[in-house]
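Just below is one structure, and these are the notes that go with it.
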Amino acid sequence: MADTAVHDDQVGHDDHDDHDHGHDDHGHTSTGLSHNKLGMWLFLGSECLLFGGLISTYMLYRGRHSENLGPDQVWDIPFTSASSFVLLMSSLTMVLAVSSAKRGDDRNTKTWLSVTALLGSLFVAGQVYEFTTFHAEGLGFGTSLFSSSFFALTGFHGVHVSVGIIMLLAVTGMVAKNRIPGDKAEVVELVGLYWHFVDIVWILIFTLVYLIPA
Amino acid sequence: MALIERPAPALIPAVATPSSSYGVFRRPVETTGWKSWVFTIDHKKLGIMYGVAALFFFLVGGVEALLIRAQLAGPNGTILSADKYNQMFTMHATTMVFLFVMPMAAAFGNYFLPLQIGARDVAFPRINAFGFWCFLFGAIFINTSWFLGGAADGGWFMYAPNSSVPFSPTNGIDFWGVGLQITGIASLTGAINLIVTVLNMRAPGMSLMKMPIFTWMILVVQFLLLFAIPVITVALFLLMFQRSFGATFFSVEAGADPLLWQHLFWIFGHPEVYILILPSFGIVSEVLPVFSKKPLFGYPLVVFSGCAIGFVGWGVWAHHMFASGLGPISVAVFSVSTMAIALPTGVKIVNWTLTMWGGKIRFTTAMLFAIGLIVQFTIGGLSGVTHAVAPSDTQQTDTYYIVAHFHYVLFGGAVLGIFSGLYYWWPKIFGKLLSERLGKWNFWLMVVGMNMTFGPMHILGLQGQPRRMYVWTENRAGDGFFDLGFWNLISSIGAAVLGIGVLLFFINVFISRKHAPAPLDPWDARSLEWMTTNPPKEHNFDQVPTVHHLDEFFHRKYEDRGTEDHHDYHQIATAEEIMADQEANADKHIHLPSPSYWPIVLAFSLPVMGYGVIFNKFMIPVGATLLLLSMFGWSMEPHTASEADYDPPTPEGGAELEVVSHG
Numbered sequence: 001m002a003d004t005a006v007h008d009d010q011v012g013h014d015d016h017d018d019h020d021h022g023h024d025d026h027g028h029t030s031t032g033l034s035h036n037k038l039g040m041w042l043f044l045g046s047e048c049l050l051f052g053g054l055i056s057t058y059m060l061y062r063g064r065h066s067e068n069l070g071p072d073q074v075w076d077i078p079f080t081s082a083s084s085f086v087l088l089m090s091s092l093t094m095v096l097a098v099s100s101a102k103r104g105d106d107r108n109t110k111t112w113l114s115v116t117a118l119l120g121s122l123f124v125a126g127q128v129y130e131f132t133t134f135h136a137e138g139l140g141f142g143t144s145l146f147s148s149s150f151f152a153l154t155g156f157h158g159v160h161v162s163v164g165i166i167m168l169l170a171v172t173g174m175v176a177k178n179r180i181p182g183d184k185a186e187v188v189e190l191v192g193l194y195w196h197f198v199d200i201v202w203i204l205i206f207t208l209v210y211l212i213p214a
Numbered sequence: 215m216a217l218i219e220r221p222a223p224a225l226i227p228a229v230a231t232p233s234s235s236y237g238v239f240r241r242p243v244e245t246t247g248w249k250s251w252v253f254t255i256d257h258k259k260l261g262i263m264y265g266v267a268a269l270f271f272f273l274v275g276g277v278e279a280l281l282i283r284a285q286l287a288g289p290n291g292t293i294l295s296a297d298k299y300n301q302m303f304t305m306h307a308t309t310m311v312f313l314f315v316m317p318m319a320a321a322f323g324n325y326f327l328p329l330q331i332g333a334r335d336v337a338f339p340r341i342n343a344f345g346f347w348c349f350l351f352g353a354i355f356i357n358t359s360w361f362l363g364g365a366a367d368g369g370w371f372m373y374a375p376n377s378s379v380p381f382s383p384t385n386g387i388d389f390w391g392v393g394l395q396i397t398g399i400a401s402l403t404g405a406i407n408l409i410v411t412v413l414n415m416r417a418p419g420m421s422l423m424k425m426p427i428f429t430w431m432i433l434v435v436q437f438l439l440l441f442a443i444p445v446i447t448v449a450l451f452l453l454m455f456q457r458s459f460g461a462t463f464f465s466v467e468a469g470a471d472p473l474l475w476q477h478l479f480w481i482f483g484h485p486e487v488y489i490l491i492l493p494s495f496g497i498v499s500e501v502l503p504v505f506s507k508k509p510l511f512g513y514p515l516v517v518f519s520g521c522a523i524g525f526v527g528w529g530v531w532a533h534h535m536f537a538s539g540l541g542p543i544s545v546a547v548f549s550v551s552t553m554a555i556a557l558p559t560g561v562k563i564v565n566w567t568l569t570m571w572g573g574k575i576r577f578t579t580a581m582l583f584a585i586g587l588i589v590q591f592t593i594g595g596l597s598g599v600t601h602a603v604a605p606s607d608t609q610q611t612d613t614y615y616i617v618a619h620f621h622y623v624l625f626g627g628a629v630l631g632i633f634s635g636l637y638y639w640w641p642k643i644f645g646k647l648l649s650e651r652l653g654k655w656n657f658w659l660m661v662v663g664m665n666m667t668f669g670p671m672h673i674l675g676l677q678g679q680p681r682r683m684y685v686w687t688e689n690r691a692g693d694g695f696f697d698l699g700f701w702n703l704i705s706s707i708g709a710a711v712l713g714i715g716v717l718l719f720f721i722n723v724f725i726s727r728k729h730a731p732a733p734l735d736p737w738d739a740r741s742l743e744w745m746t747t748n749p750p751k752e753h754n755f756d757q758v759p760t761v762h763h764l765d766e767f768f769h770r771k772y773e774d775r776g777t778e779d780h781h782d783y784h785q786i787a788t789a790e791e792i793m794a795d796q797e798a799n800a801d802k803h804i805h806l807p808s809p810s811y812w813p814i815v816l817a818f819s820l821p822v823m824g825y826g827v828i829f830n831k832f833m834i835p836v837g838a839t840l841l842l843l844s845m846f847g848w849s850m851e852p853h854t855a856s857e858a859d860y861d862p863p864t865p866e867g868g869a870e871l872e873v874v875s876h877g
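As structure tokens, then:
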């Protein structure tokens with residue numbers, strides 16, 4: 001653990017936004033995490049509250065809908081289970097990408113990042129299909145309190161996944177062109193942190209929104 | 215003598231570094247002129263820009279307040295229509311909270327936090343610049359609503375469903391909601407930035423418990439922001455979806471819960487109160503020891519009570535909702551937790567008082583403002599306890615008594631603290647002392663003015679004058695001591711006195727430009743930010759100090775020759791000697807990151823999308839495209855400019871870009 005800390009600290013110096021060659025010996029006046037990684041953890045902490053608010057809104061409103069357009073009528077659990085499985089598998093491929101990056105294996109890093117992006121895209125495609133189906137069944141954004149809060153929550157999650165896909169593709173391209181400033185493995189790991197977070201949020205959403213009967 | 219160098223090729227790290235920045239324009243590396251400000255990523259310049267913008271909005275919010283008081287000065291006021299009055303109090307509060315006190319705390323935090331911990335910049339300098347531009351563009355965005363159909367008119371808390379389209383058909387609330395999203399990004403990025411800076415970049419030897427107290431309070435505030443901003447973000451998104459995209463979150467006819475907004479807003483809104491006050495607590499905790507010539511009494515207690523306020527601040531939000539019918543258990547719980555938060559606050563008051571006890575007090579303007587905070591905030595705190603008591607609160611809700619309370623804590627607390635900081639740190643920031651004589655007029659007019667303005671509101675409120683009413687009539691004013699007309703007039707005269715007091719500050723600033731340069735250590739200060747020149751060099755410190763004590767600078771100047779519990783301090787060095795020593799041992803090879811235009815471009819994409827939400831949805835993808843492109847430009851940009859970004863060397867040898875620092 002101590003080795004990692006020292007390693008990360010060194011990394012911090014060559015980092016994207018880091019510039020200060022003034023203190024080489026941080027000792028106990030630094031956490032040992034690089035600025036970027038600590039920043040990402042803080043950002044994810046903040047995101048918890050964002051999804052917390054959206055999930056609370058949904059839980060408050062899930063029962064407020066017209067007779068025939070409630071959760072129990074519109075869900076297609078087998079379909080959503082399949083797309084959830086796809087998203088969970090993308091976490092696995094993300095782990096493989098991070099591990100390849102740590103070994104300095106650019107070819108596999110690119111491959112696994114691309115596969116992760118592909119699985120993420122499949123999930124988003126599934127969500128688009130699901131939304132379109134619901135809409136066709138008459139469940140619009142403003143139909144009921146249930147539909148507004150459902151679309152807001154899952155829509156926010158979908159946007160997060162889409163942003164993640166853009167990040168994955170960007171990093172893949174940057175690895176290919178060797179244009180990542182600073183520590184390549186850490187940049188991949190940061191995208192990984194974000195990606196796993198978005199996945200974990202989906203596990204919560206899938207459980208609370210889809211699996212628990214209304 | 216330290217040089218800020220351009221990176222020599224050999225110093226570029228061995229990892230892959232992009233060879234070109236993929237930018238559209240050349241890197242803005244100018245060190246003078248407007249470009250050196252607009253594209254800067256220097257935390258000190260950004261701090262000054264935050265401060266200038268915040269003080270400008272302080273004047274805007276002040277004018278709004280004066281219009282409100284002018285309207286209420288006599289019966290049947292005709293200065294404002296009912297509609298304009300609604301917009302005025304909404305924007306007064308919004309401006310003062312989001313566009314003055316919060317960015318003012320960001321100004322002090324940005325400027326002094328790296329200096330106080332002995333760092334050369336913040337952890338993410340470009341994100342810092344991005345945050346400032348988000349704040350400024352968001353603030354301008356909100357205020358353009360005045361010219362585009364009218365400002366928001368639902369109160370700064372914007373209760374739903376009253377903020378729905380049928381009740382407020384202009385675009386005012388849309389501007390308000392989207393604009394606050396944009397300034398929220400500034401707060402969130404600023405929070406991450408400053409937390410990482412404090413946790414990762416302290417000077418050698420500076421453990422957390424040797425950190426200056428102002429830095430501690432700013433750290434607590436950043437954690438509050440980190441977790442409070444996403445909650446208001448959710449609320450604002452729901453409001454935007456409701457008003458612009460046909461969602462039903464707050465449509466009571468569809469079965470919506472009218473308390474949803476109140477909960478979301480106050481879960482943000484109460485920590486927000488501490489976000490506003492804690493920076494000022496930090497400032498006076500710096501000022502009081504300096505002008506009492508004693509260390510802060512019970513430093514660890516002040517730190518922990520600040521943290522305790524931060525924690526308990528999350529568990530008191532529903533005391534804003536006692537009148538909404540939450541049920542007896544909720545009311546009892548939140549009543550007790552609200553009283554509990556008085557304890558750590560009381561601890562601070564006691565510590566400040568005991569800091570002054572037995573000290574050699576110098577009544578400078580900064581000190582007067584700090585003492586003013588203790589007194590005025592305590593008054594506001596005590597009236598706060600009266601509405602922690604739920605039965606009493608139900609009498610006071612939505613009356614001027616509440617207005618009196620929060621102006622005592624926010625004006626008497628946050629604003630007096632900010633002025634204390636301005637007078638204390640002005641010579642550090644601009645190298646000129648403000649006039650003490652004018653400063654004292656400034657202080658007394660402000661304090662007398664605020665007590666005249668907000669004091670009578672206690673009486674008005676207890677007599678039942680409701681908040682937010684735009685006009686009162688003679689035949690309902692009552693008579694004798696409780697004549698509402700009399701107290702409203704006093705309050706309006708007080709507001710004018712207060713306004714003159716604030717004006718004196720700006721006059722003081724204006725005439726200070728002709729003052730002689732301030733001495734290096736004008737106040738005999740204690741913390742690290744005074745261990746450099748006035749104003750500090752671009753790289754802050756020639757030599758990064760190694761810290762051995764809390765109040766490091768004081769301990770370098772004074773030696774304790776007492777024994778055991780008896781302290782006997784003798785001066786062993788002057789600030790000038792310490793400075794000379796630093797310059798003699800200056801660090802070689804100080805590298806600062808280069809300026810960048812991406813932060814302002816990225817921030818600019820946000821109001822484009824904002825106007826898109828309100829006027830034409832096609833502008834949203836345009837803004838989003840700009841956002842995405844500038845993110846790519848940003849991430850491809852190396853943190854130091856390449857040689858090609860600089861002008862070719864002049865015949866004299868091109869040394870003008872190497873800033874030779876001082877001496």
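From first to last, the protein sequence lines stand for chains A and B.
Throughout the first sequence, residue numbering follows this note's numbering, covering 1 to 214 in sequence.
Throughout the second sequence, residue numbering follows this note's numbering, covering 215 to 877 in sequence.
Yeah, the Cβ is synthetic: ideal placement off N, Cα and C, and Gly gets one too.
CA-to-CA distance, residue j to residue i, given in whole angstroms
| i | j | result |
| --- | --- | --- |
| B:Pro-542 | B:Ala-817 | 46 Å |
| A:Leu-33 | B:Leu-413 | 10 Å |
| A:Ala-50 | B:Phe-437 | In the sequence as presented, Ala is not what sits at residue 50 of chain A; that position holds Leu. Computed Cα separation, rounded: 15 Å. |
| A:Asp-25 | B:Asp-756 | Because A:Asp-25 sits at a pLDDT of 45, beneath the cut-off of 50, its placement in the model cannot be relied upon, and the point is left open. |
| A:Gly-27 | B:Gly-847 | In this predicted model, A:Gly-27 has a pLDDT of only 48, less than 50, meaning its place in the structure is not dependable enough to derive any value. |
| B:Pro-680 | B:Leu-674 | 9 Å |
| B:Leu-281 | A:Glu-47 | 40 Å |
| B:Val-487 | B:Phe-463 | 26 Å |
| B:Gly-520 | B:Gly-560 | 11 Å |
| B:Leu-313 | B:Met-671 | 25 Å |
Buried versus exposed call for residue i [16 or more other C-beta atoms within 10 Å across all chains shown]
| i | result |
| --- | --- |
| B:Val-550 | exposed |
| B:Arg-651 | exposed |
| B:Glu-743 | buried |
| A:Asp-183 | buried |
| B:Met-683 | exposed |
| B:Ala-789 | buried |
| B:Leu-557 | exposed |
| B:Val-874 | Its pLDDT being 38, under 50, B:Val-874 is placed unreliably by the model, and nothing is read from it. |
| A:Ala-101 | buried |
| B:Leu-269 | buried |
Chain-ordered chain A contacts of residue i [CB-CB under 7 Å]
| i | result |
| --- | --- |
| B:Thr-447 | Leu-50 |
| B:Thr-462 | Gly-142, Ser-144, Leu-145 and Ser-148 |
Beta-carbon neighbours of residue i, restricted to chain B and to distances below 8 Å
| i | result |
| --- | --- |
| A:Met-162 | First, the residue type needs correcting, since residue 162 of chain A is Ser and not Met in the sequence shown. In chain order: nothing, as chain B lies at least about 11 Å away. |
| A:His-157 | Within 8 Å Cβ-Cβ: nothing; A:His-157 doesn't reach chain B, min ~13 Å. |
Within chain A, partners of residue i - CB distance below 9 Å
| i | result |
| --- | --- |
| B:Leu-402 | Phe-43 and Ser-46 |
For this session: Would you check if there are 3 or more beta carbon pairs closer than 8 Å linking the stretch 547-566 of chain B to the stretch 498-514 of chain B?
Result: yes
Problem set entry | Validate contact between the stretch 575-590 of chain B and the stretch 489-508 of chain B using beta carbons, cut 8 Å, 3 pairs | yes
Exercise. Does the stretch 761-772 of chain B come within contact of the stretch 420-439 of chain B, defined as at least 3 CB pairs closer than 8 Å?
Worked result: yes
Problem set entry | the stretch 828-857 of chain B: positions lying closer than 9 Å to chain A by Cβ | Leu-842, Met-845, Phe-846, Ser-849, Met-850, Glu-851, Pro-852, His-853 and Thr-854
Exercise. Would you call the stretch 109-124 of chain A and the stretch 154-161 of chain A touching, i.e. three or more CB-CB distances under 8 Å?
Worked result: yes
Exercise. Looking at C-beta atoms only, is the number of pairs between the stretch 340-351 of chain B and the stretch 264-275 of chain B that lie closer than 8 Å three or more?
Worked result: yes
Exercise. Contact between the stretch 240-253 of chain B and the stretch 597-612 of chain B: three or more CB pairs below 8 Å?
Worked result: no
Problem set entry | the stretch 377-391 of chain B: positions lying closer than 9 Å to chain A by Cβ | none
Problem set entry | the stretch 169-184 of chain A contacting the stretch 145-160 of chain A, beta-carbon criterion three pairs below 8 Å | no
For this session: Residues of the stretch 74-91 of chain A with a CB closer than 8 Å to any CB of chain B: list them in chain order, please.
Result: none
Exercise. For the stretch 365-385 of chain B against the stretch 302-313 of chain B, are there 3 or more C-beta pairs whose distance is under 8 Å?
Worked result: yes
Exercise. Using a beta-carbon distance cut-off of less than 8 Å, what residues from the stretch 250-265 of chain B approach chain A?
Worked result: none
Exercise. Taking one C-beta from the stretch 425-440 of chain B and one from the stretch 311-331 of chain B each time, how about it: are there three or more such pairs within less than 8 Å?
Worked result: yes
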